[in-house]
Amino acid sequence: MTETTFRRKKDLPSTHLLGTGTPMCAGCGGLEALHQIYDILGERTVFVNAAGCMTLLASYPFTPFRGSWLYTAMASAAAGAQGVRDGLDILLGKGEIGPDEDLQVVVLAGDGSSYGMGLSATSSAIERGLDFIYICYDNEGYGNTGQQYSDATPHGARTATSKGPRGFPGYKKDLFAIWAAHKPTYIATVLGSEPLDLAQKVERAKGLTGPRFILSLAPCPTGWDYDPKDTIEIGRLAVKTGVWPLKEYLAGRVVHTQIPRTRVPVEEYLKTQGRFGHLFHPDRNEAMIGEIQGTVDGYWASVG
Ligand SMILES: Cc1ncc(C[n+]2csc(CCOP(=O)(O)OP(=O)(O)O)c2C)c(N)n1
Ligand code: SF4
Ligand SMILES: [Mg+2]
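First residue of the sequence shown? That's 482 in my numbering, and the numbers climb one at a time after it.
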């Protein structure tokens, strides 16, 4: 950590995430999305962060955020967000802060928390109509502890806890649908490599109140086993193959913001990542590649 690492950069917009001296991986897709999201949400925010890779952004007493930052246990971020919102509302009610000093409460959590350990607290917070934005960066595993599988790991992927010839035997949970079943204010899927789509959705979320969810696929060179320079291309392939549908939920309706009319075969995405290498070497696993393609085809057939 050097002195210059945390110096405010006068030439950057006031919302910009500052540089960090913390040990984040080169090419981190979650960080790529977070930079863009923070440019829009800005410093009038309190980030409530569940334990995970992004927790490494903060090295006490510093964080790269110009606004506020709070760290919680993996299961508790949405409960922490409720406490922060309640505290702000009490101060507003007593007149101890004015509306101009109010802050947007933002949860920042990985897929391990969001799809699994923290889902109960999140479900309750949505049900109570908590006024918050929940950001999940989904690197499809417990990245911070060595990429064990999570409820977001895709079928067939190799992880630290699914190393057999068929990879992870389970299936990725549909967290978008789980949130939608709660009828929140807003949900969107985003990707750092689709910055315009991301910006429009985060702007929309910022202008609303109530429970709002931004779910970002987070290509992870360390956990997915690829060269960090390929993060953008792998993100684009996730969209072009139809593996990561870009969509939003508003007022009870789901709208796809990009429909890949001519979809690239899903194996072009799988081949880029070592975690799917066993599907191609030493022998090609036609059945499994076909099954994964079939799942993606089935999704888009249901969209119409
Ligand atoms: C209850 C509990 N179990 C285990 C841990 C250890 N732990 C810290 S971060 C982490 C992985 C979290 O995964 P995810 O939410 O996907 O975030 P990522 O690490 O991928 O950013 C784990 C298992 C913990 N902090 N709390
Ligand atoms: S393990 Fe993956 S998600 Fe975590 S910091 Fe590294 S690249 Fe980012
Ligand atoms: Mg994760």
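Idealized CB from N, CA, C, for every residue including glycine.
Can you tell me where the beta strand (DSSP E) with Ser697 in it begins and where it stops? Walking along the sequence shown from the start, residue 697 turns up at place 216. Where Ser697 is concerned, the enclosing beta strand (DSSP E) stretches over 692-698.
Measuring CB to CB, does Asp711 end up less than 7 Å from Arg756? Your numbering for residue 711 matches position 230 in the sequence shown. Your numbering for residue 756 matches position 275 in the sequence shown. Going by C-beta atoms, Asp711 is not nearer than 7 Å to Arg756.
Determine the extent of the beta strand (DSSP E) in which Tyr552 is found, giving its start and end residues. By one-based count along the sequence shown, residue 552 stands at place 71. Note, Tyr552: beta strand (DSSP E), 549-553.
In whole angstroms, what is the alpha-carbon distance linking Leu522 and Ile740? Taking the first residue of the sequence shown as 1, we reach residue 522 at position 41. Taking the first residue of the sequence shown as 1, we reach residue 740 at position 259. Approximately 27 Å, taken between the alpha carbons.
Can you give me the Cβ contacts of Glu772 inside the same chain, cut-off strictly under 6 Å, excluding the 5 residues immediately before and after it? The residue given as residue 772 occupies position 291 in the sequence shown. Closer than 6 Å at the Cβ level, and outside the excluded window around Glu772, lies no residue.
Let me know if Thr670 comes out buried or exposed under the rule of 16 or more other beta-carbons within 10 Å of its beta-carbon. Within the sequence shown, residue 670 is the residue found at index 189, counting from 1. The residue in question, Thr670, is buried, as its Cβ has 16 or more Cβ neighbours within 10 Å.
Any heavy atom of ligand 2 closer than 6 Å to the Cβ of Asn620? Counted from its first residue, the sequence shown places residue 620 at position 139. Under cutoff, so the answer is yes.
Checking 7 Å against the spacing of the C-beta atoms, do Val450 and Gly561 come in under that value? Past the boundaries of the shown model lies residue 450; the chain is included only from 482 to 785, so the question cannot be answered.
Measuring from the CB of Met769, is there a heavy atom of ligand 1 at a distance below 6 Å? If you number the sequence shown from 1, residue 769 lands on position 288. No, the Cβ of Met769 stays beyond 6 Å of every heavy atom of ligand 1.
Measure the C-alpha to C-alpha separation of Thr634 and Ser643 and round it to an integer number of angstroms. For the purposes of this step, residue 634 is identified with residue 153 of the sequence shown, where counting begins at 1. For the purposes of this step, residue 643 is identified with residue 162 of the sequence shown, where counting begins at 1. Their backbone Cα atoms lie some 10 Å apart in a straight line.
Quick one: what's got a C-beta closer than 6 Å to Cys534's C-beta in the same chain, skipping five residues either side? By one-based count along the sequence shown, residue 534 stands at place 53. Contacts found: Gly624, Asn625.
Hey, could you find the ends of the beta strand (DSSP E) Ser729 is sitting in? The residue you call residue 729 lines up with position 248 of the sequence shown. For the record, residue 729 in the displayed sequence is Glu; it is not Ser. Note, Glu729: beta strand (DSSP E), 727-731.
Identify whether Val586 lies in helix, strand or coil by the three-state DSSP scheme. One-based indexing of the sequence shown puts residue 586 at position 105. In the structure shown, Val586 sits in a strand (DSSP, three-state: E or B).
Classify Gly645 as buried or exposed, calling it buried when 16 or more other Cβ atoms lie within 10 Å of its own Cβ. Position 164 of the sequence shown, counting from 1, holds the residue named residue 645. Gly645 is exposed by the Cβ-count criterion.
Reducing DSSP to helix, strand and coil, say where Ala658 ends up. What you label residue 658 is simply residue 177 of the sequence shown in a count that begins at 1. In this structure, Ala658 counts as helix in the three-state DSSP scheme.
Between Ser697 and Ala514, is the Cβ-Cβ spacing less than 7 Å? Taking the sequence shown and counting its residues from 1, one reaches residue 697 at position 216. Taking the sequence shown and counting its residues from 1, one reaches residue 514 at position 33. A contact, by the Cβ cut-off of 7 Å.
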